[in-house]
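A.B. asks: Protein chains in written order, with our numbering: chain A, 20 to 569; chain B, 6 to 150.
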Amino acid sequence: MPLTQVVSSRCLRLAALVFIAGLNLHCASGQDTDGVSAAPVESVESPAERGLVQQFNDALEPVDSFFGTVNGYIATVIFYPVPLGGDDSIPAAVLVLLLGATFFTIRMGFINVRGFKHAVMVTAGKYDNPDDQGEVTHFQALTAALSATVGLGNIAGVAIAICIGGPGATLWMVLAGFIGMSSKFVECTLGQKYREERPDGRIMGGAMYYLSRGLPELGLGGLGKVLGIMFAILCVGGSFAGGNSFQVKMSLGAVAQTLPFLAAPEVAGAADYRWIYGLLMSVVTGMVIIGGIRRIASAAEKIVPAMCGIYVAAALVILLKNIGQIPAALQLIVNDAFTGTAVSGGLVGVLVVGFQRAAFSNEAGVGSAAIAHAAAKTEYPVREGMVALLGPFIDTVVICTMTALVIVITGAWDPVQNPEFASLIESKNGAALTSVAMDQQIPGFRYVLSVAVVLFAFSTMISWSYYGERCWAFLFGDNASMSYRIIFLIFTFLGSIVSATNVLDFGDLMIFGMAIPNIIGVVLLSGKVRKDLDEYWQKLKNGDLEVTEQ
Amino acid sequence: MSFTTSKIVVPVDFSGESPHAIANAIRIAGDASKLHLVHVLLPLDTVSPGVLLGDVSDDARRKTVTEKLNSLAAEHGAAEATMSVLLGTPGTEIADYAKDQGADLIVIPSHGYHGVKRIFLGSVAERVIRHAECSVLVLRRSDAD
């Protein structure tokens with residue numbers, strides 16, 4: 020076949036894809052989500068006087084406002100305010116996650132507590148069998164899933180939560196992490212149970228597979244197919260936004276603290292170089308996902324756990340330096356959790372913010388981690404579920420709590436007492452807020468955090484590109500990856516230029532949207548998990564499970 | 006115009022259609038040793054945990070697929086066929102392989118994708134037809150109306 024024919028056939032397919040994407044977005048456009056889009060700033064120059072960089076940014080403005088418009092339509096469904104009596108309401112997706120996690124915790128007999136010790140032993144390799152079917156060990160699967168969740172959500176997302184919801188959000192966030200461990204257990208067990216093996220030994224699994232393959236066993240094939248496709252579409256969206264643009268946006272915020280020329284201009288028309296960061300991230304990510312240079316991604320995956328350790332250690336140093344303030348901070352957190360008076364919104368407001376940020380950070384109930392955990396080598400699906408429940412513990416109960424305590428103790432959440440943080444709070448620039456707060460306590464730490472944040476962002480993006488690509492393959496076939504990768508890189512670039520509010524909202528919408536089909540399916544399939552769990556637990560109690568010699 | 010049948014390439018993707026294609030090719034050739042069973046592996050991604058942290062590699066995949074290809078062939082009376090595992094884009098790889106081997110005929114099943122999958126994937130059979138320099142027999146799906 021002549022080259023021109025190959026090229027034209029590919030171009031046609033790409034054109035069709037762009038057309039479909041355009042249709043989808045066009046249909047969804049209409050109104051702003053919450054009226055918090057970036058305030059217009061007066062221009063100081065006439066268009067004729069504006070340089071190339073400024074004109075480039077002008078041309079991108081409609082892209083940003085388009086994000087805001089799209090958000091509005093999707094939000095009316097996913098964040099539909101469910102009335103709770105009086106003036107209070109709770110967004111539909113948050114309610115689904117809250118009810119789901121509570122249900123799974125009870126249905127699985129508090130597996131988040133009773134399975135914890137066993138989970139640690141399995142992760143440590145005590146039950147590893149290299150002959151089991153799969154691609155990675157339990158520990159590697161947990162590392163992969165954690166590299167998707169530990170990232171900007173823990174640093175930026177938590178800081179935003181405390182600013183919006185008040186210190187009380189911390190308590191609800193920790194509680195959400197705690198019961199989220201049960202959601203993660205159930206979904207990742209199902210991810211293993213209904214995974215598919217390709218002829219070359221590669222494993223395909225995740226929520227889209229257990230929804231479409233598990234629900235037919237209950238006579239709900241039609242529903243399974245619809246939920247599986249719905250999940251996959253939203254996961255692709257989540258991988259573009261929360262797993263990609265959001266990471267770029269928030270890491271840029273922290274980097275701009277040390278490299279001010281990358282900061283957003285304070286006056287419209289001033290030179291704006293944020294796109295350089297977007298371009299750089301796109302190039303490096305492109306080198307991995309299109310160029311096939313996997314050494315870059317491997318290096319990041321290996322450095323990230325060390326960065327995690329440094330971050331937690333720094334947070335502990337700050338807490339120790341301020342040990343006298345800890346009792347008062349804890350009291351403030353507990354009191355505010357039930358009154359919600361520190362910022363506004365009352366009990367429901369603070370609870371919603373806490374749950375929302377926890378879910379965004381640890382993804383429990385969202386169904387994404389099941390894609391990574393499905394790849395683990397194991398004889399018993401329940402065993403991988405146990406490993407998975409450590410994810411929300413490490414991510415939320417430990418790391419998010421560290422960020423939250425630092426933000427509360429340093430007072431960075433309170434623009435009235437500490438006006439130096441006001442502009443960062445207003446722009447929802449969470450990573451920069453944490454960076455400034457920590458730097459005040461440990462001078463120079465913002466430089467370390469800048470590096471950590473970029474690495475966190477990068478490893479999260481790599482992991483989410485994997486989630487998104489798997490869902491894309493589920494929708495369009497294994498051979499369609501290249502189109503996904505190109506769109507992913509476009510969103511990487513867009514992350515540097517669209518406003519934080521719009522990116523954050525779009526990321527939230529997609530990732531919380533995934534929770535709706537996922538939780539419905541997982542609740543329906545939870546009986547099967549409980550049965551498997553009881554059998555496994557009995558074997559464990561009887562000492563029938565083979566332990567690996569170490 | 007006619008075709009000879011001394012060397013027939015049969016692409017195998019391990020779907021339900023593969024045994025059907027093997028059986029037809031044996032019937033046309035009259036002897037399974039004239040068959041070349043070919044599986045094309047898609048290039049590995051660079052972001053999955055198995056690739057980044059685990060032991061997934063092209064060599065491991067090749068080994069697994071070769072074993073499966075041998076057992077499928079044995080099951081369907083084609084144990085004497087030549088087995089090949091290639092890496093790349095299925096349509097072009099199959100056509101190039103047939104050309105390199107000097108094959109007379111390619112026997113390929115059609116999956117009949119519709120809608121969006123059709124737009125994204127096109128059809129391997131379609132691409133084989135466009136690229137191949139020998140005759141191509143596209144088998145209608147065994148469950149087609």
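In this text, a Cβ means the ideal position worked out from N, Cα and C, and glycines have one as well.
At the level of alpha carbons, what is the spacing between Val61 of chain B and Asp433 of chain A?
C.D. replies: Taking the first residue of the second sequence as position 1, residue 61 of chain B is located at position 56. Taking the first residue of the first sequence as position 1, residue 433 of chain A is located at position 414. About 49 Å.
A.B. asks: Does DSSP classify Met88 of chain B as helix, strand or coil?
C.D. replies: Locating residue 88 of chain B in the second sequence gives position 83, counting from the first residue. Note: Met88 of chain B maps to strand in three-state DSSP.
A.B. asks: Evaluate Lys268 of chain A with the Cβ neighbour count: other Cβ atoms within 10 Å of its Cβ, from every protein chain shown; 16 or more gives buried, anything less gives exposed.
C.D. replies: Looking up residue 268 of chain A in the first sequence gives position 249. Counting other Cβ atoms within 10 Å of its Cβ, Lys268 of chain A reaches 16 or more and is therefore classed as buried.
A.B. asks: How many whole angstroms separate the CB atoms of Gly514 of chain A and Phe265 of chain A, which I take to be in contact at a CB cut-off of 8 Å?
C.D. replies: The residue labelled residue 514 of chain A in the question sits at position 495 within the first sequence. The residue labelled residue 265 of chain A in the question sits at position 246 within the first sequence. So it is a contact: roughly 7 Å between Cβ atoms.
A.B. asks: Name the two residues that bound the continuous alpha helix (DSSP H) containing Ser258 of chain A.
C.D. replies: As a working mapping, residue 258 of chain A is identified with position 239 in the first sequence. Where Ser258 of chain A is concerned, the enclosing alpha helix (DSSP H) stretches over Gly240 to Phe259.
A.B. asks: Could you check if Asp36 of chain B is buried or exposed, using at least 16 other CB atoms within 10 Å of its CB as the buried criterion?
C.D. replies: If you number the second sequence from 1, residue 36 of chain B lands on position 31. It counts as exposed.
A.B. asks: Shortest alpha-carbon distance to Leu58 of chain B belongs to which of A:Glu80, A:Ala143, A:Met127 and A:Ala163?
C.D. replies: Indexing the second sequence from 1 puts residue 58 of chain B at position 53. If we check each option's Cα against that of Leu58 of chain B, A:Ala163 comes out closest.
A.B. asks: Along the alpha helix (DSSP H) that carries His137 of chain A, what are the first and last residues, could you check?
C.D. replies: Within the first sequence, numbered from 1, the residue matching residue 137 of chain A stands at position 118. Its alpha helix (DSSP H) spans residues Phe135 to Thr142.
A.B. asks: Measure how close the beta-carbons of Val417 of chain A and Val323 of chain A come, nearest whole angstrom, since I'm counting them as under 8 Å.
C.D. replies: Within the first sequence, residue 417 of chain A is the residue found at index 398, counting from 1. Within the first sequence, residue 323 of chain A is the residue found at index 304, counting from 1. Contact flag wrong, Cβ pair sits at about 15 Å.
A.B. asks: Do the segment 294 to 306 of chain A and the segment 441 to 452 of chain A touch if we need at least three Cβ pairs shorter than 8 Å?
C.D. replies: no
A.B. asks: Between Val133 of chain B and the rest of its own chain, which residues show a CB-CB distance below 7 Å, the 5 nearest in sequence each way excluded?
C.D. replies: For this step, residue 133 of chain B is matched to residue 128 along the second sequence. In its chain, beyond the 5 residues on either side, Gly96, Ile99, Ala100, Ile111, Ile113 and Val141 have a beta carbon closer than 7 Å to the beta carbon of Val133 of chain B.
A.B. asks: Quick one: which residues of the segment 206 to 230 of chain A get their C-beta closer than 8 Å to a C-beta of chain B? List them in chain order.
C.D. replies: Pro218, Asp219, Gly220, Arg221 and Ile222
A.B. asks: Look up Ile312 of chain A in the DSSP assignment and say whether it is helix, strand or coil.
C.D. replies: Taking the first sequence and counting its residues from 1, one reaches residue 312 of chain A at position 293. Ile312 of chain A: coil per DSSP, three-state reduction.
A.B. asks: Hey, out of A:Asn537, A:Ile342 and A:Gly310, whose CA is closest to Gln460 of chain A's CA?
C.D. replies: Numbered from its first residue, the first sequence carries residue 460 of chain A at position 441. Cα-wise, what sits closest to Gln460 of chain A is A:Ile342.
A.B. asks: Taking only the alpha-carbon atoms, compute the straight-line gap between His157 of chain A and Gly176 of chain A and give it to the nearest angstrom.
C.D. replies: If you number the first sequence from 1, residue 157 of chain A lands on position 138. If you number the first sequence from 1, residue 176 of chain A lands on position 157. Roughly 28 Å separates the two Cα atoms.
A.B. asks: Measuring only the C-alpha atoms, how far is Pro346 of chain A from Glu565 of chain A?
C.D. replies: Translated into positions along the first sequence, residue 346 of chain A becomes position 327. Translated into positions along the first sequence, residue 565 of chain A becomes position 546. Annotation: Pro346 of chain A to Glu565 of chain A spans about 46 Å, alpha carbon to alpha carbon.
A.B. asks: Starting from the Cα of Val367 of chain A, find the closest Cα among A:Tyr92, A:Pro100 and A:Ser84 and give me that residue.
C.D. replies: As a working mapping, residue 367 of chain A is identified with position 348 in the first sequence. Distance check between Val367 of chain A and each of A:Tyr92, A:Pro100 and A:Ser84 places A:Pro100 closest, using alpha-carbon atoms only.
A.B. asks: In this structure, how does DSSP classify Ser20 of chain B when only helix, strand and coil are distinguished?
C.D. replies: Position 15 of the second sequence, counted from the first residue, corresponds to residue 20 of chain B. Three-state DSSP puts Ser20 of chain B in coil, outside helix and strand.
A.B. asks: From A:Ile309, A:Val371, A:Leu209 and A:Lys396, pick the residue whose C-alpha is nearest to that of Asp107 of chain A; which is it?
C.D. replies: Along the first sequence, read from residue 1 onward, the residue named residue 107 of chain A stands at position 88. Ranking A:Ile309, A:Val371, A:Leu209 and A:Lys396 by CA distance to the CA of Asp107 of chain A puts A:Val371 first.
A.B. asks: Could you tell me which residues DSSP puts in a beta bridge with Leu42 of chain B?
C.D. replies: Indexing the second sequence from 1 puts residue 42 of chain B at position 37. Leu42 of chain B is bridged to B:Val15 and B:Met88.
A.B. asks: Using a Cβ-Cβ cut-off of less than 7 Å, give me the residues of the segment 53 to 85 of chain B that come near chain A, in sequence order.
C.D. replies: Ser53, Pro54, Gly55, Val56, Leu57, Leu58, Gly59, Val61, Ala65, Arg66, Thr69, Val70 and Lys73
A.B. asks: Any C-beta of chain A sitting closer than 8 Å to the C-beta of Leu47 of chain B?
C.D. replies: Along the second sequence, one-based indexing puts residue 47 of chain B at 42. It does: the Cβ of Leu47 of chain B has a partner Cβ on chain A nearer than 8 Å.
A.B. asks: With 7 Å as the limit, tell me which residues of the segment 145 to 172 of chain A have their beta carbon closer than that to any beta carbon of chain B; keep them in chain order.
C.D. replies: Residues Glu154, Val155, Gln159, Ala160, Thr162 and Ala163.
A.B. asks: Which chain B residues are close to Ser317 of chain A, counting only those with a beta carbon under 7 Å from its beta carbon?
C.D. replies: Residue 317 of chain A sits at position 298 when you count from the first residue of the first sequence. The contacting residues are Leu57.
A.B. asks: Tell me whether Val101 of chain A sits in a helix, a strand or coil according to DSSP, three-state version.
C.D. replies: What you label residue 101 of chain A is simply residue 82 of the first sequence in a count that begins at 1. Strand, per DSSP.
A.B. asks: Go to Val112 of chain B, then tell me how far its alpha helix (DSSP H) extends in each direction, as first and last residue.
C.D. replies: The sequence position of residue 112 of chain B within the second sequence is 107, counting from 1. Per DSSP, Val112 of chain B belongs to no alpha helix (DSSP H); it is in the beta strand (DSSP E), Leu110 to Pro114.
A.B. asks: Hey, is the segment 502 to 510 of chain A in contact with the segment 230 to 246 of chain A, meaning 3+ C-beta pairs nearer than 8 Å?
C.D. replies: Contact fails: fewer than three Cβ-Cβ distances are below 8 Å.
A.B. asks: I'd like to know whether the C-beta of Thr51 of chain B is nearer than 8 Å to at least one C-beta of chain A.
C.D. replies: As a first step, residue 51 of chain B is located in the second sequence; it is residue number 46 there, counting from the start. With 8 Å as the cut-off, Thr51 of chain B counts as an interface residue toward chain A.
A.B. asks: Return the Cβ separation of Ile516 of chain A and Trp191 of chain A in integer angstroms, given the expectation that the two are a contact with Cβ distance under 8 Å.
C.D. replies: Position 497 of the first sequence, counted from the start, is the residue given in the question as residue 516 of chain A. Position 172 of the first sequence, counted from the start, is the residue given in the question as residue 191 of chain A. Actually they are not in contact, since the Cβ atoms of Ile516 of chain A and Trp191 of chain A sit about 33 Å apart, beyond 8 Å.
A.B. asks: So, using beta-carbon positions, are Gly131 of chain A and Trp483 of chain A closer together than 8 Å?
C.D. replies: Locating residue 131 of chain A in the first sequence gives position 112, where the first residue counts as 1. Locating residue 483 of chain A in the first sequence gives position 464, where the first residue counts as 1. As written in the sequence, residue 131 of chain A is Asn, which differs from the Gly given in the question. Between Asn131 of chain A and Trp483 of chain A, the CB-CB gap reaches or exceeds 8 Å.
A.B. asks: Relative to the C-alpha of Gly144 of chain A, which candidate in A:Arg133, A:Leu271 and A:Leu161 has its C-alpha closest?
C.D. replies: As a working mapping, residue 144 of chain A is identified with position 125 in the first sequence. Considering only alpha carbons, the answer is A:Leu161.
A.B. asks: Do Asp414 of chain A and Ser380 of chain A have their CB atoms nearer than 8 Å?
C.D. replies: Translated into positions along the first sequence, residue 414 of chain A becomes position 395. Translated into positions along the first sequence, residue 380 of chain A becomes position 361. Yes, these two residues count as a Cβ contact at 8 Å.
A.B. asks: Please check if any C-beta of chain B sits within less than 8 Å of the C-beta of Glu398 of chain A.
C.D. replies: Within the first sequence, numbered from 1, the residue matching residue 398 of chain A stands at position 379. So, not an interface residue.
A.B. asks: Against Ser500 of chain A, what residues of chain B qualify as contacts under a CB-to-CB distance less than 7 Å, listed in chain order?
C.D. replies: Here residue 500 of chain A refers to the residue found at position 481 when the first sequence is read from its first residue. Within 7 Å Cβ-Cβ: Asp50.
A.B. asks: For Ala395 of chain A, write down the residues that DSSP places opposite it in a beta bridge.
C.D. replies: By 1-based counting over the first sequence, the position of residue 395 of chain A is 376. Paired residues: A:Val155.
A.B. asks: Should Ala108 of chain B and Ser38 of chain B be called a contact, given that it needs their Cβ atoms to be closer than 8 Å?
C.D. replies: As a first step, residue 108 of chain B must be located in the second sequence, where it is residue number 103. As a first step, residue 38 of chain B must be located in the second sequence, where it is residue number 33. Going by C-beta atoms, Ala108 of chain B is not nearer than 8 Å to Ser38 of chain B.
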